[in-house]
Amino acid sequence: MDLSELINVKEGWIDRRLFWDQGIYELELERLFARSWLFVGHESQIPKPGDFLTTYMGQDNVVVSRHKDGSVRVFLNSCVHRGNRICFADRGNTRSFVCNYHGWAYGTDGSLQGMHEDSHYEGWIDKSQWGLKNARVSSYKGLLFACFDSDAPSLDDFLGDYRWYLDIVLDQCDEGTEFIGGCVKNMFDANWKFGAENFAGDSLHVGWTHNSGTQSITYGKQVGEVMPVDPQSFHANANGHCWEGGLDGIGSIALLSSDRPCIMEYYQARREKMAKRLGELRAKRIFGSVISATVFPNFSFLPGIATMRAWLPKGPTRIELRAWTIINKDMPDDVREAVRDACMLSFAPAGLFEMDDGENWENATRSNEGVITRRGRLHYGLRNGTSRRDDPDLPGNISRPMYSDVNQLAFYQRWLDFMTASSWADIPKSR
Amino acid sequence: MDLSELINVKEGWIDRRLFWDQGIYELELERLFARSWLFVGHESQIPKPGDFLTTYMGQDNVVVSRHKDGSVRVFLNSCVHRGNRICFADRGNTRSFVCNYHGWAYGTDGSLQGMHEDSHYEGWIDKSQWGLKNARVSSYKGLLFACFDSDAPSLDDFLGDYRWYLDIVLDQCDEGTEFIGGCVKNMFDANWKFGAENFAGDSLHVGWTHNSGTQSITYGKQVGEVMPVDPQSFHANANGHCWEGGLDGIGSIALLSSDRPCIMEYYQARREKMAKRLGELRAKRIFGSVISATVFPNFSFLPGIATMRAWLPKGPTRIELRAWTIINKDMPDDVREAVRDACMLSFAPAGLFEMDDGENWENATRSNEGVITRRGRLHYGLRNGTSRRDDPDLPGNISRPMYSDVNQLAFYQRWLDFMTASSWADIPKSR
Amino acid sequence: MDLSELINVKEGWIDRRLFWDQGIYELELERLFARSWLFVGHESQIPKPGDFLTTYMGQDNVVVSRHKDGSVRVFLNSCVHRGNRICFADRGNTRSFVCNYHGWAYGTDGSLQGMHEDSHYEGWIDKSQWGLKNARVSSYKGLLFACFDSDAPSLDDFLGDYRWYLDIVLDQCDEGTEFIGGCVKNMFDANWKFGAENFAGDSLHVGWTHNSGTQSITYGKQVGEVMPVDPQSFHANANGHCWEGGLDGIGSIALLSSDRPCIMEYYQARREKMAKRLGELRAKRIFGSVISATVFPNFSFLPGIATMRAWLPKGPTRIELRAWTIINKDMPDDVREAVRDACMLSFAPAGLFEMDDGENWENATRSNEGVITRRGRLHYGLRNGTSRRDDPDLPGNISRPMYSDVNQLAFYQRWLDFMTASSWADIPKSR
Amino acid sequence: MNQKTLDEMALWYEVNQFYTREARLLDAEDYDAWLETMTEDVSYWMPTRENLFRRDEAALDEQRMNFYRESLTSLRVRTHRLKTGTAWSENPRTRYRHLITNVEVEAGDAPGTYRASSNFLIYRNRLERDESWMVGAREDVLLRVEDKLRLAKRTVLIDQNSLLSKNLNVYA
Amino acid sequence: MNQKTLDEMALWYEVNQFYTREARLLDAEDYDAWLETMTEDVSYWMPTRENLFRRDEAALDEQRMNFYRESLTSLRVRTHRLKTGTAWSENPRTRYRHLITNVEVEAGDAPGTYRASSNFLIYRNRLERDESWMVGAREDVLLRVEDKLRLAKRTVLIDQNSLLSKNLNVYA
Amino acid sequence: MNQKTLDEMALWYEVNQFYTREARLLDAEDYDAWLETMTEDVSYWMPTRENLFRRDEAALDEQRMNFYRESLTSLRVRTHRLKTGTAWSENPRTRYRHLITNVEVEAGDAPGTYRASSNFLIYRNRLERDESWMVGAREDVLLRVEDKLRLAKRTVLIDQNSLLSKNLNVYA
Ligand code: FES
Ligand code: FES
Ligand code: FES
Ligand SMILES: [Fe+3]
Ligand SMILES: [Fe+3]
Ligand SMILES: [Fe+3]
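For the record, the sequence lines run as chains A, B, C, D, E and F. Quick note on the numbering used here: the first sequence kicks off at 158 and runs consecutively. Quick note on the numbering used here: the second sequence kicks off at 158 and runs consecutively. Quick note on the numbering used here: the third sequence kicks off at 158 and runs consecutively. Quick note on the numbering used here: the fourth sequence kicks off at 1054 and runs consecutively. Quick note on the numbering used here: the fifth sequence kicks off at 1054 and runs consecutively. Quick note on the numbering used here: the sixth sequence kicks off at 1054 and runs consecutively.
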């Protein structure tokens, strides 16, 4: 199939095959996940040498390890001898990774150190040639990203103008951020892009899908009261990375601090301090508003609500969602706990918001597969073509208000950039 | 693969790949289910405006709806916005169908009426262009069929001579027929064609597969006593639609009314009335005999036993069987209940007959997949080539007696007509 | 893909796709399992006319039957009428196999004998042309093998020099061998070749993977004590069939007879008698050592430990393991029981050795699938190229000591012979 | 503890054992003995479970389609099947297992009658690897006849819409 | 048999019935009645289950991420969702079933308190064929208030690392 | 209620709690304590389940292949595995859960012995998403030793022909 016919940015529609076709999915693994910078964790999860965690880049399981030299290493979690996984723990601390099958031992940098009965291997293997493949690793203010493509630009170039938005969450104070310990994982039958596009720009679903969750958490408020319709609200995107939300500076914090006032107090008390780092606009008007964001391709977060999550692909119609809670290191214990529990109350498998999203995405994925159904297009035309690059206040491509498909189309345009390129050379560095 | 080599009507054999090959299955969805008139329900299931039910055409879920103008509409159950299913109930009554994800609302005719926050969409969508795709709908004496192919002939032409046989069930009295409320569904691991071909002509399996069921229901009778070998019994088919059975006019009613004499009384008392509409042959000799029938491609029924069922394809080796009970509107309550329960006693997941069929079809489906096994042909040669079109009494292609593969081959010939045609233009209108 | 690029015997590496690729798997069914002699049972399992068992050749289910003339017949377990399985029992005794669907009856040689209502078939079928496809059957000293390829060489030629090794297990006494009644089956998610290659030559994993099992069974011994490093230990292979082990003549028997001394007594008392048949080397130095062996492609065994097993393929990443216990017919009852229970203690789903293998193979299979991971090679280079054909004592290709990948590479070389050949004509008869 | 609790507990225990024995009979295909545990006028009903919008929900309706709606007579007819010796698809036999939990019982409307409820998990396994799992609940009316409990009425709620099994060669 | 055993058995029976009733309330979405069975200061916690090397194992830590860590207040907020009438994804309703087994109970530290444990299997089925299976255990502290048992503290151990369900619209 | 019923009920309760505790020990990998619950001459047997035509059915035969046929000695050997610290594939540990239902007990042939039966569902979950489900029944002989029950003989009927799990690192 001709991929460029699957997406029509100009006319504002998308082909339904994107959400279930096996061939498209396998190409995504090759051309998108194998080339892109992907979120793998937060520095705070592996502070000490020997600390490690395991996660996925595309469908490849990797170890994210703090090497003894203090550097972070990311390498394939698959022995070069017969392929067995070499680390089965979610996290921990170790001096080396020893394979269960024949005892091949790898260092915290993935290098092959030796093996059981290694005397027999003398002269039969050049260990330096048989370590575990390392990915490039880079940190953006605590967030760890890795990439298996040596032709990819630097993480900074990959993020481009989007860093201005990331800073709103990552750079609120000198101490910086950390993750609450642990991770909430669950699996469901949806295409990974439904999660990514939803966080990229889908402000419209909030008022409808999440009406019940909003009412429950706010003791009866309608979404419109938490997230008022604001002509200044906006969609912003850069290099396919998306941010959408308002400017009231309060909506999501109000949601989070319902029944937990200490959260509101914490943030309000820090506004000025924040403003010194981020300026008035970001510290007082953007941060705190109801906002959702996706770092291309599959890492999303909600500033204010404090959830960060990766949509790990497990096949064309299967996702593993892994979610973390991010907090400022300077948060007092009561606020940490309040943020953690309020975050779980809204965005987790039992979260009052998340429950409704998953059901929608599963059924959209399944329905799009119908043989007649797949012949029809999906409408992505709202405010299509209205974004401008020259906004006086906001970097990136901007469109107002936030009720639009602008970011979603930018996301799929970037998807098309990757899917139709034979290598990074063909991918526009900046969008 | 060359499809025409899969079926040899002349020599009377069929290739085993028909029953499990993924490629053949996907082509069936495109060339057979997407082109054919398919059973979607009975008018009695949605009598009032706003009444609806959901079912499948091929693997496409559709809403069958009674529009406010009284017409029946059949449309895709998948939102044009992101593809979510718009109706999750089996049946009900509604004024509109509102999507859970962003609140797009569709009328009972599938037209797009509006959406949550629709002010934002002003100027960005032409609602008239974005309704849910409607299928053509046509009723044959209460039975609703739908078709997604605009080139397909009318339902009447599609059924052709077969209507003469359908009338035996559908046209017994002025009041006409209705379905007992509800539907029995179950899923199993067989190819859908095994169900269809079995009801199309497989009188031979009854005496063997269903010996235990027959003995149990009749307190010890052998099948031969219920369904005597009759040289006048016949296979009839027209346009791939099949009917096979006897002429004793009593076998299936006897089976149904064992322990429930009111059923026998009801039918015997109505024979004359029936004869006025259908003539002696159909009313007294055909109706009531042990008969099975399949409307091409996947709708089957048993006149007398009162079961009607669709073999919904769920993959090359998976079926969802949906079964209903059809009765005459003029049936007194005690007879309705007796027919319903007797029907469930024989043909339902717990039915004494159906249980044995499912097991056979699952194991035939599974066994045919073997790599050596698939190289061998299946024998469909019994009385092959003996059917004649010029029977003085019976319309369609007739072969006697009913112990033969004639209908099964006619079914697969029709299957081949569809599978090898690039469009309806290449499909013989009449067979 | 070019299959010859998947395996590099010269450089000693293998492509990870071998262990999960669907296309490779389907080709294995066509080119390897459909052509090869495959283990189907032991004569002792079907001693009397009418005795039968069912098993798989590749993914084809077959009946292994003792025909009334005393010969062993192996034929497809799939009716030629609609394809239903004709025998659902694991084993038993019967005069014929009657299909559940329409009562077609087959003899104990697979010939079509008749059917329910067969009078109707008179003139419509030539029964002699519609029997169940028989495979070639041959026995090697009690072990039954079957083959569906008429071009394949005889079983003797297929086994070639390897028979010298088989005799060590099969030819210890006049009475010969038999299987303990029954079979232990279990399914897991691994590629079948991991089991086959492991038994073909993987002595290195024993000391690491099976450390805990060895310690438990031997009350604290390390593997090194049970299986001392011996420069004379060897890898032997012929035509892809592999044998690897030591020469101490005692290791595996010691393991088996821990807590069950009668086993040790039985074997030691028979050494001289064995030597008369097999010679000193095989009877006293080879037999009893820790040894593992694989008959190409998917039949493995452990001399001494008495387990024999087939790795039945169920898809590229699924195995059904079927295991039996082989004993000498002259064993007294207490020894039989001791061997059976000691064998289950080590090699069965609950076996202290087998448990660890399965976990390794599942995770190797799964990990190799990663999109980046699959680009890396697996190391099979230990002692690669050291085997010689001219050993004074041992037939076949010999390499010493047993810590090497020599047999594994011979196994994959043979695999490549089959996979790249268009017919048996292109397959080297001897390797 | 007082006599009331004691009697209550004894009744619960009696019902619990009634169900345990019943499960054992069913797993052994001992249908004659199973029918013995019922009253002559027993009603055994397993309705289908429809997906309805909450606003359309109504009480389960005996007039609609069902998996079972049986009398002792029809249960005799059904269970006779295995006695014919020609139920080919039941040979080799299925491995059945009824796990019964969450037993509750209270006095019924008439003296000597009890309303009892229980949850079940039914596992079936046959041939090499055919599996079927069913979960649901039972609402029963039990009757004490000559000091023995008998099943007078049962409604089986199977927690599936489309039955996810090839057949129902089993009772809950 | 002696009084001690008898009292022990009566207590076990009481707890068993407490859990059976609780399961019935949960399966019926009767969350108000469910919350009635709890103390005002109830703590309800379902931690995630991490895969750790045995040497790294430690007690479950309330500071880490969880599926549930609730007070009566937050449970009221959560269970209010179905009352809004706009929880679209809960319409049609889910078929829930809690199977409770392996009940054990012993006296707690304070008088009138009990430590009780139980295992559960929760089956959910909705729409045409969506299924979810969850198995695990519960460690509870029960309190006797005015002769009635109430749930004071619950730790739910769900035996999954990555939750193999699309959501948790259910309580254990 | 009479003393007979009471004693019967007390015995059932005792056996029920014996099984519940046993399940807890197994789920915690506390195998030493588990072996403590057995007699010195315990016999623990889990035969394979063959698919046979009904006409070929015979009593389960101890001479045929099995999953387990153990004495206390061999169980000690097996359960020692986790103590070696080198059972790599058991690290991280498996999440086990035994659900025990359908308990019945009656007096055995010898005084102080009991014949007890029960059904089980064993759920195992390990690593990210490996699952194993096993259902079956147990036929036991229990012996009262110094006022404590001990397991003297167990036959485990697992309702599978081909074991649908990668291994059996667990006991029923
Ligand atoms: S597979 Fe890792 S050491 Fe062999
Ligand atoms: S998917 Fe239906 S409204 Fe958006
Ligand atoms: S399929 Fe075997 S007799 Fe018809
Ligand atoms: Fe959302
Ligand atoms: Fe039939
Ligand atoms: Fe091993």
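Virtual Cβ for every residue (Gly too), placed ideally from N, Cα, C.
Residue i by DSSP, collapsed to three states: which one?
i       : result
B:I483  : strand
B:D324  : helix
B:L289  : coil
E:E1089 : helix
C:F444  : coil
Indicate whether at least one CB of chain C lies closer than 8 Å to the CB of residue i.
i       : result
D:W1141 : yes
F:S1096 : no
A:K471  : no
F:V1209 : no
Give the straight-line distance between the Cα atoms of residue i and residue j, rounded to the nearest whole angstrom.
i       : j       : result
C:Q329  : C:N343  : 30 Å
B:A578  : B:R188  : 8 Å
A:F458  : F:S1142 : 36 Å
C:V508  : E:I1211 : Position check: residue 508 of chain C holds Gly in this sequence, whereas Val was assumed. For C:G508 and E:I1211, the distance between alpha carbons rounds to 28 Å.
F:N1214 : D:R1148 : 9 Å
C:V221  : C:M272  : 22 Å
E:R1207 : E:R1146 : 26 Å
F:R1129 : E:A1112 : 28 Å
A:T371  : A:I462  : 13 Å
E:T1101 : E:S1124 : 18 Å
Indicate, with yes or no, if ligand 4 has a heavy atom lying under 7 Å from the CB of residue i.
i      : result
B:N257 : no
For a test of your reading of the model: does the CB of residue i fall under 7 Å from any non-hydrogen atom of ligand 1? Yes or no.
i      : result
C:A521 : yes
Taking CB distances under 8 Å as the criterion, tell me whether residue i reaches chain A.
i       : result
E:F1173 : no
Could you tell me whether any Cβ in chain F is nearer than 8 Å to the Cβ of residue i?
i       : result
D:A1076 : yes
Cα-Cα, which of the options is closest to residue i?
i      : options                           : result
B:R479 : B:K471, B:P310 and B:R442         : B:K471
A:C244 : C:P558, C:F568 and C:S524         : C:S524
C:A357 : C:N291, C:H398, C:D548 and C:G445 : C:H398
Regarding residue i and ligand 5, is the C-beta to nearest heavy atom distance less than 7 Å?
i       : result
B:D514  : yes
F:T1132 : no
Does any residue of chain E bring its CB to less than 8 Å from the CB of residue i?
i       : result
D:A1190 : yes
Between residue i and ligand 6, is there a pair consisting of the residue's CB and a ligand heavy atom that are separated by less than 7 Å?
i      : result
C:T366 : yes
At a threshold of 7 Å, does residue i count as lining ligand 3 (C-beta to nearest heavy atom)?
i      : result
C:G240 : yes
Consider the Cβ of residue i: report whether some Cβ of chain D lies at a distance smaller than 8 Å.
i       : result
F:M1062 : yes
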